[in-house]
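Q: Residue numbers (full-length UniProt numbering): 1 to 95. Beta carbons are placed, not taken as given, at the ideal position from N, Cα and C, and that holds for glycine. Please read these numbers as outputs of a predicted model, since none were measured by experiment. Sharing a structure, written as structure tokens. Questions coming.
Okay, here's the thing in structure tokens:
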């Protein structure tokens, strides 16, 4: 089941206005790329999340991070984003 565009947009808007900068933590922690200065969640589907990462040198790149498992319902998006955040936070602790 594909997520409706309004659901994707609402979740992306919420994540992109997160004062805790969870997107940045997720991408830096999971990819190990500390040159990233800003990250936007641009989309997601049943298999993962798509981020746009902005580096300190002005470069922009797309980053695809898979979920821990395939999802099909809106509440699962939140669960998987928190799982990615936990994974990223753990990676920072090991760095």
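(1) Could you tell me how far apart the beta carbons of residue 28 and residue 88 are, in whole angstroms, since I believe they sit closer than 8 angstroms?
(2) Kindly indicate which three-state DSSP category residue 96 falls into: helix, strand or coil?
(3) Since residue 38 sits in a beta bridge, which residues does DSSP pair it with?
(4) If contacts are defined as beta-carbon pairs under 8 angstroms, then residue 50 and residue 35 qualify, I think. What distance do you get, rounded to the angstrom?
(5) Residue 54 to residue 71, Cα distance in whole Å?
(6) When the Cα of residue 74 is compared with those of 30, 47 and 59, which residue comes out closest?
A: According to the data block:
(1) 7 angstroms
(2) A question about residue 96 goes unanswered here, because the residues of the chain that appear run from 1 up to 95.
(3) 54
(4) Not a contact, Cβ separation roughly 19 angstroms.
(5) 27 angstroms
(6) 47
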